[in-house]
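To convert, note that position 280 of the sequence shown is 814 in my numbering; the numbers rise steadily by one, no gaps.
From the three backbone atoms N, C-alpha and C, an ideal C-beta is built for every residue, glycine too.
Okay, so here's the structure we're looking at.
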Amino acid sequence: MKTNFEVIYDLKDTTALQDSTPSTMDNQPFAAETLLKDNTAFPDYATLEQDYFVLDGTMPELPDEPEGIPFWTSELSDSNGYFAKNPLVTILFSENHTSTGLTFHFVGDTPLQMQIRWYSLDGNMIALKSFQPDSRDYYARNLVENYGRLEIEFQRARPYRYIKLWGIDYGVIVTWGENDIKSASLVEEMDPTSNTLKINKLTFQFVDTGNEFNLANSEGLHKALQKKQHIAPYEIVDGERIYLGRYFLTTPSSQKSIAKMEATDYIGLLDDTDFTAGRVYNGELAGNVLADIFAGTDIPYQVTDEVAATPLYGWLKIQTRRKALREVLFACGAAAETSRRDDVLIYKPVRLIQADIGRDRKFSTATKQDTYISEISIKFAEYTEGTEEKELVKETTYPAGLNEVKFNSPVSALRISTGEIVEAKTNYITFRLQEAAAVTIYGKQYSKQDITVTSTVPQLKAGENPKAKNFTGTLFNYSQAKVISEAILDYYQLSLILNIRYLADREQPGQWAAVENTLAGRGGYAAGLESIKTDLTGGYISTAQLRGYYKYTSDFYQTGTELYIDESVGVI
């Protein structure tokens, strides 16, 4: 088996495209330069440009009312390729941006000469450079930091040509392959109980011969590295590309000529921002709460109907979006999956065999019995809205302008002694003052009652002592806490822990696998994959931890077999 690893890296400013405002006075009436923000290609239409329309059926006719065209110069170049007035595209930004250059996506023949001018937000020119495009997807390299305006002037084209442009990327796509990558590993994890919301992590090192990513190089490309830049990793096995998921840069580093990149999945991105819109819920459907948590993150997600329809009870305080998501998942008995995906899938795990790991793929198998658990407790709180108004924040002086006060317990019916309330929520209040003033904040507080729900095994196993495991959640009522505590107790009765080293295929955490015994004819294991660490450059070899049970049978499972832990065989 031949394997190698490849990384496709979006070395682009992560916010420039959405922050851009393109404008021009040199566009066709049917074109709209604002569409440059969409970066959507349009066809190479047949036109009457000289020696351009190839009669082989490959070029569609230009519609009477063309749509979806961002830029098509209003003027045709002359016999020497010059314009009477050079077409100019101006792009404004509301904040500073940094990129290694610009990638232009042309349609048809490319311009012969163009000039780009970079300006600061206050209008000072900070860079100017001319380029001679030689491909339809042309990278105009010029590392510029903290620009706030661009002017793109097209100075010459081929004779009798329009210049057509469908998109601009604020940076470039970089590919590192087997000749560059020195080492790479992927850690994928899932807690089937959802008590912990795990993060998948990608780490790779590559040979940086030009010292472009050496932090000591003042002109290096490392200056354009930004957190959240997209990384698409692929493992190539016998020529087949296996997509490993969407990752985002967190920490770049370098030592001598070796650069190192550490990246996280979508779940890791949820750690970067707080969820402030939490409130006290009384039967709110999980789908609605999830929509609030993901709102404004640009993170694509899917949620199954079963999870979305779960009612939630309790309070979400101000916390990271990842922690808020954990509370929802834990209350629903659901999991969040990002492995080998371009989004987040939220679903309820099932014990269904989806992978076979036979002896022909295994290097080693180690087993142990985990600590016996006989009792699971879940602690949660019930909230009741208060009836009396109280002084929540005593008279405090705040400056003129917009002020925000956060609360460490849920409140309602907020009012202030002076000023204008801009927003009053369960967890915070924002208000505006015309001048510095002493403000008292009033409102009603919710009362809180702690409740603990416990599930216990009907009978202790022989030779075992009682052992409890305690959990805390914030979005339960009694009945849901009972359901989840029983499910967790059921899971921990699967006390057999497997640690295996094997040739990886398409296994991922959360799946159940049939693991063949090292000894032929001695049955095998049925277990759920909890964590997988894969060496992406050393033969695509994984080390995994699984939890499950031993099956006393010589029959091996077929993919798609559903398992129930109350079967009469095996270690339960």
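Looking at Q1109: is its Cβ nearer than 8 Å to the Cβ of Q739?
Examination of residue 1109 is not possible in this model, given that the chain is present from 535 through 1106 alone.
Would you give the residue range spanned by the alpha helix (DSSP H) that K857 belongs to?
For K857, the uninterrupted alpha helix (DSSP H) segment begins and ends at R855 to C866.
Ignore the nearest five residues each way along the sequence and tell me which others in T537's own chain have a CB closer than 7 Å to its CB.
E769, I770, V771, G1073 and Y1074, listed in sequence order.
Distance check for Q903 and A1047, CA to CA, integer angstroms please.
Within the model, the alpha-carbon separation for A1047 versus Q903 is close to 18 Å.
Is M724 buried or exposed, if buried means 16 or more other CB atoms sit within 10 Å of its CB?
The residue is buried, with at least 16 neighbouring Cβ atoms inside 10 Å.
Would you give the residue range spanned by the alpha helix (DSSP H) that S1013 belongs to?
Per DSSP, S1013 belongs to the alpha helix (DSSP H) from Y1012 to Y1026.
In this structure, how does DSSP classify D890 when only helix, strand and coil are distinguished?
Strand, per DSSP.
Alpha helix (DSSP H) containing Q760: first to last residue?
For Q760, there is no enclosing alpha helix (DSSP H), as DSSP gives it neither H nor E.
Indicate whether G920 and Y962 have their beta-carbon atoms separated by less than 8 Å.
Not in contact: G920 and Y962 (Cβ atoms no closer than 8 Å).
Anticipated Cβ contact below 8 Å, L850 with A842, distance rounded:
Incorrect: roughly 17 Å between the Cβ atoms, too far for contact.
Could you check which residue in S1029, R895 and P1043 has the C-alpha nearest to that of L886?
Answer by Cα proximity: P1043.
Rounded separation between T905 and K1001 - CA only
Roughly 8 Å separates the two Cα atoms.
Reduced DSSP category for I827 - H, G, I as helix; E, B as strand; rest coil:
Helix, per DSSP.
Enumerate, from N- to C-terminal direction, the unbroken beta strand (DSSP E) stretches of 3 or more residues contained entirely within the region 898-941.
Runs found: 909-919, 924-932 and 935-940.
With a 10 Å radius around its C-beta and 16 neighbouring C-beta atoms as the bar for buried, classify L545 as buried or exposed.
Buried, by the Cβ-count rule.
Extent of the continuous alpha helix (DSSP H) to which Q552 belongs:
Bounds of the alpha helix (DSSP H) holding Q552 are A550 to D553.
Is Y696 helix, strand or coil when you go by DSSP?
For Y696, the three-state secondary structure derived from DSSP is coil.
So, does the CB of D671 fall closer than 8 Å to a CB anywhere in chain B?
The chain labelled as chain B is not found in the depicted structure, where only one protein chain is given.
By the 10 Å Cβ neighbour count, where 16 or more other Cβ atoms means buried, how is N1051 classified, buried or exposed?
The residue is buried, with at least 16 neighbouring Cβ atoms inside 10 Å.
Taking the C-alpha atoms as reference points, what is the distance between T581 and G642?
If you draw a straight line from the Cα of T581 to the Cα of G642, it is about 10 Å long.
For the pair the region 558-575 and the region 782-802, tell me if three or more CB-CB distances fall below 8 Å.
Short answer: they don't touch.
Give the single residue among Q888, I1034 and L699 whose Cα lies nearest to the Cα of S608.
Among Q888, I1034 and L699, the Cα nearest to that of S608 is on L699.
So T986 and K1067 are in contact, right, with Cβ under 8 Å, and what is the actual spacing, rounded?
The beta-carbon distance between T986 and K1067, rounded to whole angstroms, is 36 Å. This is too long to meet the 8 Å contact definition.
My output table needs one value for E753: the three-state DSSP class, helix, strand or coil.
E753 carries a coil assignment under DSSP once its states are collapsed to helix, strand and coil.
What residues in its chain sit with their C-beta under 7 Å from that of D1089, if we drop five residues either side in the sequence?
Its pLDDT being 44, under 50, D1089 is placed unreliably by the model, and nothing is read from it.
Closest Cα partner of S664 within the set E687, N630, D671 and Y681
Closest by alpha carbon: E687.
Measuring CB to CB, does S728 end up less than 8 Å from G867?
Yes, these two residues count as a Cβ contact at 8 Å.
Supposed close pair A766, I542 - CB separation, criterion 8 Å
With 8 Å as the limit, A766 and I542 qualify as a contact, their Cβ atoms being about 4 Å apart.
List the residues that DSSP assigns as beta-bridge partners of P604.
None; P604 has no bridge partner.
For G802, the first and last residue of its enclosing beta strand (DSSP E):
No beta strand (DSSP E) contains G802, which is instead part of the alpha helix (DSSP H) from Y800 to L803.
Could you check whether Y835 and V862 sit closer than 8 Å to each other, using their CB atoms as the reference points?
Cβ atoms of V862 and Y835: not closer than 8 Å.
If you draw a straight line from the C-alpha of S911 to the C-alpha of L1063, how long is it?
Using only the alpha carbons, I get a separation of about 24 Å.
Extent of the continuous beta strand (DSSP E) to which D984 belongs:
Boundaries of the beta strand (DSSP E) harbouring D984: A971 to T990, taken from the DSSP string.
Enumerate in chain order the residues of its own chain whose CB-to-CB distance from G744 is below 6 Å, with the five nearest sequence positions on each side excluded.
So no residue of the chain qualifies.
Let me confirm a value: Q1014 is counted as buried when at least 16 other C-beta atoms fall within 10 Å, else exposed. Which label applies?
Under the 10 Å beta carbon count, Q1014 is surrounded by 16 or more other beta carbons and is classified as buried.
What is the residue span of the beta strand (DSSP E) that V623 lies within?
First-last of the beta strand (DSSP E) with V623: L622 to V641.
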